[in-house]
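*Asks:*
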Amino acid sequence: MKKPETDVSQIGRDYKYGFHTTDKPTFSTGRGLTREVVETISAQKGESDWMLERRLQAYEHFLTRPVPEWGGDLSKIDFDSIFYYVKPTETEASSWEELPPDIKQTWDRLGIPEAEKKYLAGVGAQYESEVVYHKLQEELVRQGVVFLGMDVGLRQHEEIVREHFGTVVPFRDNKFAALNTAVWSGGSFIYVPPGVKVEMPLQAYFRINAENMGQFERTLIVVDEGAFVHYVEGCTAPIYSSDSLHAAVVEIIVKPGGRCRYTTIQNWSTNVYNLVTKRAVAQENATVEWVDGNLGSKLTMKYPAIWLTGEGAHGEVLSIAFAGPGQHQDTGAKAVHAAPNTTSLITAKSISRGGGRAGYRGLVNVANGARGAKSKVVCDALILDEESRSDTYPTIRVHESDAEVEHEATVSKIGEEQLFYLMSRGLSESEASSMIVSGFVEPITKELPLEYAVEMNRLIQLQMEGSVG
Amino acid sequence: MALLEIRDLHVALSDGSEIVKGIDLSVEGGEVHAIMGPNGSGKSTLAHALMGHPAYQITSGDVLLGGKSLLELGPDERAQQGLFLAFQYPYAIPGVTVTSFLRSAINALRKARAGGEDDPIPIPEFRKQLAAATERLKVPRELLGRYLNDGFSGGEKKRIEILQLALLHPRLAVLDETDSGLDIDALKTIAGGVSDLIGPELGAIVITHYQRILNYIRPDFVHVFAGGRFVAEGGPELAEQLESEGYDAYLPEASSGDR
Ligand SMILES: Nc1ncnc2c1ncn2[C@@H]1O[C@H](COP(=O)(O)OP(=O)(O)OP(=O)(O)O)[C@@H](O)[C@H]1O
Ligand SMILES: [Mg+2]
Numbered sequence: 005m006k007k008p009e010t011d012v013s014q015i016g017r018d019y020k021y022g023f024h025t026t027d028k029p030t031f032s033t034g035r036g037l038t039r040e041v042v043e044t045i046s047a048q049k050g051e052s053d054w055m056l057e058r059r060l061q062a063y064e065h066f067l068t069r070p071v072p073e074w075g076g077d078l079s080k081i082d083f084d085s086i087f088y089y090v091k092p093t094e095t096e097a098s099s100w101e102e103l104p105p106d107i108k109q110t111w112d113r114l115g116i117p118e119a120e121k122k123y124l125a126g127v128g129a130q131y132e133s134e135v136v137y138h139k140l141q142e143e144l145v146r147q148g149v150v151f152l153g154m155d156v157g158l159r160q161h162e163e164i165v166r167e168h169f170g171t172v173v174p175f176r177d178n179k180f181a182a183l184n185t186a187v188w189s190g191g192s193f194i195y196v197p198p199g200v201k202v203e204m205p206l207q208a209y210f211r212i213n214a215e216n217m218g219q220f221e222r223t224l225i226v227v228d229e230g231a232f233v234h235y236v237e238g239c240t241a242p243i244y245s246s247d248s249l250h251a252a253v254v255e256i257i258v259k260p261g262g263r264c265r266y267t268t269i270q271n272w273s274t275n276v277y278n279l280v281t282k283r284a285v286a287q288e289n290a291t292v293e294w295v296d297g298n299l300g301s302k303l304t305m306k307y308p309a310i311w312l313t314g315e316g317a318h319g320e321v322l323s324i325a326f327a328g329p330g331q332h333q334d335t336g337a338k339a340v341h342a343a344p345n346t347t348s349l350i351t352a353k354s355i356s357r358g359g360g361r362a363g364y365r366g367l368v369n370v371a372n373g374a375r376g377a378k379s380k381v382v383c384d385a386l387i388l389d390e391e392s393r394s395d396t397y398p399t400i401r402v403h404e405s406d407a408e409v410e411h412e413a414t415v416s417k418i419g420e421e422q423l424f425y426l427m428s429r430g431l432s433e434s435e436a437s438s439m440i441v442s443g444f445v446e447p448i449t450k451e452l453p454l455e456y457a458v459e460m461n462r463l464i465q466l467q468m469e470g471s472v473g
Numbered sequence: 007m008a009l010l011e012i013r014d015l016h017v018a019l020s021d022g023s024e025i026v027k028g029i030d031l032s033v034e035g036g037e038v039h040a041i042m043g044p045n046g047s048g049k050s051t052l053a054h055a056l057m058g059h060p061a062y063q064i065t066s067g068d069v070l071l072g073g074k075s076l077l078e079l080g081p082d083e084r085a086q087q088g089l090f091l092a093f094q095y096p097y098a099i100p101g102v103t104v105t106s107f108l109r110s111a112i113n114a115l116r117k118a119r120a121g122g123e124d125d126p127i128p129i130p131e132f133r134k135q136l137a138a139a140t141e142r143l144k145v146p147r148e149l150l151g152r153y154l155n156d157g158f159s160g161g162e163k164k165r166i167e168i169l170q171l172a173l174l175h176p177r178l179a180v181l182d183e184t185d186s187g188l189d190i191d192a193l194k195t196i197a198g199g200v201s202d203l204i205g206p207e208l209g210a211i212v213i214t215h216y217q218r219i220l221n222y223i224r225p226d227f228v229h230v231f232a233g234g235r236f237v238a239e240g241g242p243e244l245a246e247q248l249e250s251e252g253y254d255a256y257l258p259e260a261s262s263g264d265r
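Chains D and Z supply the protein sequences, listed in that same order. Each number in the working numbering corresponds to the 1-based position in the first sequence with 4 added. Each number in the working numbering corresponds to the 1-based position in the second sequence with 6 added.
1) In or out: Glu162/Z buried (at least 16 other Cβ within 10 Å) or exposed?
2) In chain order, what residues of the same chain lie with their CB nearer than 6 angstroms to the CB of His24/D, ignoring the 5 residues before and after it?
3) Ile29/Z touches chain D at which residues, Cβ-Cβ below 9 angstroms?
4) Straight-line CA distance for Phe288/D to Ile168/Z?
5) Mind pulling the alpha helix (DSSP H) runs of 4 or more residues that sit fully within the stretch 310-389 of chain D?
6) Buried or exposed: Val381/D, going by 16 or more other Cβ atoms within 10 Å of its Cβ?
7) Consider the Cβ of Pro128/Z: report whether some Cβ of chain D lies at a distance smaller than 8 angstroms.
8) Taking just the CA atoms, how far does Asp82/Z sit from Pro100/Z?
9) Where do the N-terminal and C-terminal ends of the beta strand (DSSP E) with Thr103/Z fall, by residue?
10) Whose CA, out of Ala385/D, Thr347/D and Ala231/D, lies closest to the CA of Arg375/D?
11) Taking Cβ positions, are Trp311/D and Val340/D nearer each other than 8 angstroms?
12) Check each candidate in Gly360/D, Gly128/D, Ser442/D and Tyr123/D and name the one with the smallest Cα separation from Phe474/D.
13) Any heavy atom of ligand 1 within a distance shorter than 7 angstroms of the CB on Leu220/Z?
14) With H, G and I counted as helix, E and B as strand and the rest as coil, what does DSSP make of Thr414/D?
15) What residues are listed by DSSP as bridge partners for Ala232/Z?
16) Compute every distance between the C-beta of Lys163/Z and the non-hydrogen atoms of ligand 2, then say whether any falls below 7 angstroms.
17) By DSSP's criteria, Glu24/Z is part of a beta bridge. Which residues make up the other side?
18) If I measure Cβ to Cβ from Lys201/D and keep anything under 6 angstroms in the same chain, skipping five residues before and after, which residues do I get?
19) Measuring from the CB of Gly46/Z, is there a heavy atom of ligand 1 at a distance below 7 angstroms?
20) Which bits of chain Z does Phe326/D rub up against, with CB to CB less than 8 angstroms?
21) How many Å lie between Met55/D and Glu162/D at the Cα?
22) Taking 8 angstroms as the CB-CB limit, is Ser102/Z close to chain D?
23) Less than 7 angstroms between the CB of Asp182/Z and some heavy atom of ligand 2, yes or no?
24) Just to confirm, is the Cβ distance from Ala238/Z to Ser47/Z under 8 angstroms?
25) How big is the Cα-Cα spacing for Gly240/Z and Gly419/D?
26) If contact means a Cβ-Cβ distance below 8 angstroms, which residues of the stretch 429-449 of chain D contact chain Z?
27) Here's the rule: buried if 16 or more other CB atoms are within 10 angstroms of the residue's CB, otherwise exposed. What is Gly205/Z?
28) What's the C-alpha gap between Ile355/D and Arg393/D?
29) Please list the terminal residues of the continuous beta strand (DSSP E) segment that includes Trp272/D.
30) Would Gly360/D and Pro329/D qualify as a contact pair, given that the criterion is a beta-carbon distance under 8 angstroms?
31) If Ile112/Z and Leu173/Z are in contact, beta carbons under 8 angstroms, what's the gap, nearest whole angstrom?
32) Does the beta-carbon of Val226/D have 16 or more other beta-carbons within 10 angstroms, so that it is buried, or is it exposed?
33) If you measure from the beta carbon of Leu174/Z to each beta carbon in chain D, is any gap under 8 angstroms?
34) Give a yes or no on whether the C-beta atoms belonging to Gly126/D and Leu144/D are separated by under 8 angstroms.
35) So the alpha helix (DSSP H) Gly160/Z belongs to, where does it begin and stop?
36) Taking the alpha carbon of Ile127/Z as the point to measure from, which residue in Ala114/Z, Ala137/Z, Gly121/Z and Ala138/Z has its own alpha carbon closest?
As structure tokens, this is what we get:
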């Protein structure tokens, strides 16, 4: 009799975004980081003095800050071999046809122009260091919504940027926030005026094409009173033998009664270090939701954070991490309750297989004065084989006696009985396991817009293929 | 040759203990065979072994469906050959709705039939089949949108098993205590639904403790299973006799020591 076997040595993972094109950048700072590189980037962009000043301060801080040792293994990052700034084209396009053919071809293969036509209100596309394409629906422009590449945003809305830049994530926050502040380029700038609700998602797509590339986009989202926006970002890169670095910073400010949902589908190739600082401030009765799907990368360290600074503010983090062979997903969430009657809900699901390692690292902090705060954290890990690993590092600090803080964690395996049941209906072992995994992450995929949910399930299926023999 | 041929089948657990100790059975298309026997006698073990559960080792004998041996096949391939097991205790798959599961299962079987090429059922066709089957089996629509067997009552699970049977069109169905857990009206509906499906295209093995289900699914043969073997065989009247007299006559002296 044949017993279904799980052969995890078969790791033929099909990463369909692994292609690269051989375009020639128009400008690059070359390998390595110096004070001159920082000055050159700023000069290339024709920035005001305050921004250059900020970059240089951050650069100095970056140099003094040790590489963190508490998360994943960062010791192999070779900061001297990285290209910190690569400019792929001279100008930002607002129609795909204006792009150089090589670059346009990349976006076509990723299906972005198609998606824009069908279900997006606006699209930004970043290639290497620069946003190469940007477009927002006319109607939203008329309503005063701003959706620009961060560089253009800085030029056109300098007051708003200056008021908020670095207030949510100061460069002193961590080594990679300092690095980002020093060399940032690209990213999105979004402003939604009071009461305006952007019904369809705005999407940004981040693509690394060159080897040893460092991508350091910087995103700032300001949602004014009673407004709403859903921002989605996707990320992919070619497969190279040496590593690339993605160190982004995202800052979100949601004013009273506003709501912002930020969805990430990170599918970097497995030679990318993905070290991102994401933080949002939710003012009175505002809502912030991070939906964070991490499938790719070699190492991801990312803990989307919400500071609930106004009474009645609500924050949610829904996160999925999938760690396959050679991958380490060190992800999690932070909720800081700094005002009365604030609530937070963190749901984190991780899957590890083929020797992959997925961890949840989280913080819930109920500060003095945050009376009536409520927080719930649910972490579920699914481990698909003996070689794989899952860890949970929750930190809970409560300074108010009436706070309600719950933490639940489960670790499970795919049951032989569940597999047998599904296989007895004709599903192959890999179809059956993917179905169980899709079901496991369903509480999160059901929160995604349909097209992304389909994409997410497809990515999971790809991850699962080759996991069984 | 019969649709299903079981020849001198022996089944052991992973610890080596033998549960099924040599049985022979032939089932023709359109036939219903009832298997009755005391708790723990090995009925579910037999059913699982037929379906290819890895915990149950077939140590000798053979099982042929449509003349082809199943022994080298995994459970998925056995299903693709047309074998179906309605579980005594169906498993839950959280996060997967009944509808999406049914569609995937239908598509998996269609793919196998198309020689490994994807051949998904058109959505309108699927809806039509699903609506007809749910109506016949009185499956509440609400169940279809819930996660498969997740928090279902015992009776709801059994109903969904038979809904699967109706939609997957196997050649041979093994029903393991489908009647336990069903209320009187549900039993009538569900068993009636199964009975409608029986015909030249479908033969069935009905494992049960009670004669009642056999009023709706008339068996051609009743087999008494005890101590790992068939110890008596007869027509439907045997089920009635067992119902009134129990298994005492068929059990060895020291009934418990047989395993
Ligand atoms: N996976 C298993 N591990 C250990 N023992 C098992 C396993 N499966 C079956 N058994 C044992 O094998 C024997 C037969 O069990 P089985 O479930 O086949 O009985 P059954 O005839 O279906 O009983 P019931 O009428 O109660 O459903 C029992 O003693 C049972 O405890
Ligand atoms: Mg049983």
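By construction, the Cβ of each residue, glycine as well, lies at the ideal position given by its N, Cα and C atoms. Since the model is a prediction, treat every value here as computed from it, not as a measurement.
*Replies:* In brief:
1) That one is buried.
2) Annotation for His24/D: Asn213 and Pro242 place their beta carbon closer than 6 angstroms to its own, counting only its chain and skipping 5 residues before and after.
3) Neighbours of Ile29/Z in chain D, taken as residues at a C-beta separation under 9 angstroms, are lacking, since the least C-beta distance is about 16 angstroms.
4) For the record, residue 288/D in the displayed sequence is Glu; it is not Phe. So the two alpha carbons sit approximately 53 angstroms from each other.
5) The stretch 310-389 of chain D is shown to contain no whole alpha helix (DSSP H) run of 4 or more residues.
6) By the neighbour-count rule (16 or more Cβ atoms within 10 Å), Val381/D is buried.
7) With 8 angstroms as the cut-off, Pro128/Z does not count as an interface residue toward chain D.
8) C-alpha separation (whole angstroms): 20 angstroms.
9) Going by DSSP, Thr103/Z is part of the beta strand (DSSP E) stretching over Ile99 to Thr103.
10) Closest option to Arg375/D, Cα to Cα, is Thr347/D.
11) Contact: yes.
12) Because chain D here runs from 5 to 473, residue 474/D falls outside it and cannot be looked at.
13) Not under cutoff, so the answer is no.
14) The three-state secondary structure of Thr414/D, taken from DSSP, is strand.
15) As DSSP reads the structure, Ala232/Z sits in a beta bridge with Arg235/Z.
16) Distances taken from the Cβ of Lys163/Z to the heavy atoms of ligand 2 include none shorter than 7 angstroms.
17) Per DSSP, Ala18/Z.
18) Excluding sequence neighbours, Lys201/D sits near Phe232.
19) In this structure, Gly46/Z has its beta carbon less than 7 angstroms from a heavy atom of ligand 1.
20) Listed along the chain, the chain Z residues whose CB falls inside 8 angstroms of the CB of Phe326/D amount to none; the nearest CB is some 15 angstroms away.
21) Computed Cα separation, rounded: 10 angstroms.
22) The question names Ser, yet the displayed sequence has Val at residue 102/Z. It does: the Cβ of Val102/Z has a partner Cβ on chain D nearer than 8 angstroms.
23) Yes, the beta carbon of Asp182/Z sits closer than 7 angstroms to at least one heavy atom of ligand 2.
24) Result no, Cβ atoms of Ala238/Z and Ser47/Z do not sit closer than 8 angstroms.
25) Going from the Cα of Gly240/Z to the Cα of Gly419/D covers about 40 angstroms.
26) In summary, the residues of the stretch 429-449 of chain D whose CB is separated from some CB of chain Z by less than 8 angstroms are Arg429, Gly430, Leu431, Ser432, Glu433, Glu435, Ala436, Met439, Ile440, Ser442, Gly443, Phe444, Val445, Glu446 and Pro447, in the order they occur in the chain.
27) When all chains shown are included, Gly205/Z counts as exposed.
28) CA-to-CA, the gap between Ile355/D and Arg393/D works out to about 9 angstroms.
29) DSSP places Trp272/D in no beta strand (DSSP E); its state is neither H nor E.
30) Here Gly360/D is near Pro329/D, since their CB atoms are less than 8 angstroms apart.
31) About 6 angstroms; that satisfies the 8 angstroms criterion.
32) Buried.
33) It does; some Cβ of chain D falls within 8 angstroms.
34) Cβ distance < 8 angstroms, so Gly126/D and Leu144/D count as in contact.
35) Element bounds for Gly160/Z: Gly160 to Leu174.
36) Of all alpha-carbon atoms in Ala114/Z, Ala137/Z, Gly121/Z and Ala138/Z, the one lying nearest the alpha-carbon of Ile127/Z is that of Ala114/Z.
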